[in-house]
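>
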Amino acid sequence: MLIDFHSHFSSPDSIVCTADASAPDRDSALLRCAGLLPDKWTVQGQEQLFSLLARNSGLQLGEVGLDRRFESIMPMDRQITILKQELEFAILKERSISLHCVHATKPMIDILKELDFRPYSILWHGFNGSPETARELAKLNVILSIGPRFSGNIESILHSNPYTVPETDYEGSNNLEHQKILENQYHRFPEDYQDQAEKMFSLFCHQ
Ligand SMILES: [Zn+2]
């Protein structure tokens with residue numbers, strides 16, 4: 014099976030995330046995550062997210078993160094404070110975490126350095142950074158996930174952080190289209206990457 018490490022489409026091979034404090038469809042995904050991004054954040058939303066996680070032990074956290082594009086909606090300092098609350102809650106509840114990070118690499122790495130999380134229980138989704146950043150995240154035991162928009166050299170990212178996996182970030186609802194994008198992503202990785210991806214999935218969700 015080709016595992017999709019980050020999508021918004023509930024398929025049996027996907028780690029499915031939300032961004033608006035809702036839970037993904039029940040039973041139809043490989044792993045379900047509920048998240049909340051800064052542009053959709055409200056006090057009630059965060060309460061709902063925490064209550065969902067508290068009530069469903071199989072639910073993970075994602076996607077949550079920092080995004081410079083949303084600074085007019087929520088300043089970066091506030092994004093950082095809120096993200097820390099969310100991460101601390103998930104770590105306390107022993108959940109895996111899918112991170113979203115757009116133009117905020119430095120503050121995100123600073124946050125990760127302060128946190129005491131289980132190795133490989135955090136996945137940096139949509140990674141689009143340099144091999145140097147990938148190396149820094151390897152030292153922190155963070156999994157990197159690479160989507161269709163990644164423009165760099167996957168080989169050099171893999172060399173810097175062997176814990177790198179494919180994702181689609183697919184937001185549509187067409188099974189065939191999703192499969193095609195997922196297959197294309199795996200083609201960008203070394204041959205037989207499927208086994209490696211399955212091992213990383215086990216590490217991520219502690220199975
Ligand atoms: Zn996403």
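Each residue of the sequence shown is one higher than the one before, starting from 14 at the first, in the working numbering.
Even for Gly, the Cβ is constructed at its ideal location relative to N, Cα and C.
Closer than 8 Å, CB to CB, is Ala151 near chain D or not?
Looking at the structure shown, chain D is missing, and only one protein chain is on hand.
> Taking its Cβ as the centre, do 16 or more other Cβ atoms sit within 10 Å of Asn174, making it buried, or is it exposed?
Buried, because 16 or more other Cβ atoms sit within 10 Å of the Cβ of Asn174.
> With DSSP collapsed to three states, give me the class of His113.
DSSP places His113 in strand when its eight states are reduced to three.
> Find out if the Cβ-Cβ distance for the pair His138, Ser109 is shorter than 8 Å.
Contact flag unset, no.
> If you count every other CB in all the chains shown that lies within 10 Å of the CB of Leu105, and 16 or more means buried, which is it?
Classification for Leu105: exposed.
> Please report the straight-line C-alpha distance between Ser35 and Ile167, rounded to a whole angstrom.
If you take the alpha carbons of Ser35 and Ile167, they lie about 32 Å apart.
> Between the alpha carbons of Gln98 and Pro203, how many angstroms are there, rounded?
Distance between the alpha carbons of Gln98 and Pro203 is about 37 Å.
> Relative to ligand 1, what is the chain-ordered list of residues with a Cβ closer than 7 Å to any of its non-hydrogen atoms?
Those satisfying the condition are, in chain order, His19, His21, Cys30, Ala32, Glu76, His113, His138, Gly139 and Asp182.
> Taking the straight line between their C-alpha atoms, what separation do you get for Ala32 and Ser169?
Taking the straight line joining both Cα atoms gives about 30 Å.
> With H, G and I counted as helix, E and B as strand and the rest as coil, what does DSSP make of Asp80?
Three-state DSSP puts Asp80 in a strand.
> May I ask which residues mark the beginning and end of the alpha helix (DSSP H) holding Pro144?
Here the alpha helix (DSSP H) through Pro144 covers Pro144 to Lys152.
> Is the stretch 90 to 97 touching the stretch 153 to 168 in the sense that three or more CB pairs, one from each, lie closer than 8 Å?
Because the criterion of three Cβ pairs below 8 Å is not met, the stretch 153 to 168 and the stretch 90 to 97 do not touch.
> Which full runs of the beta strand (DSSP E) of 3+ residues lie inside the stretch 37 to 71, going along the chain?
Counting whole runs of 3 or more residues, the stretch 37 to 71 contains the beta strand (DSSP E) stretches 44 to 49.
> Rounding to the nearest angstrom, what Cα-Cα distance links His116 and Glu84 in this structure?
Using only the alpha carbons, I get a separation of about 11 Å.
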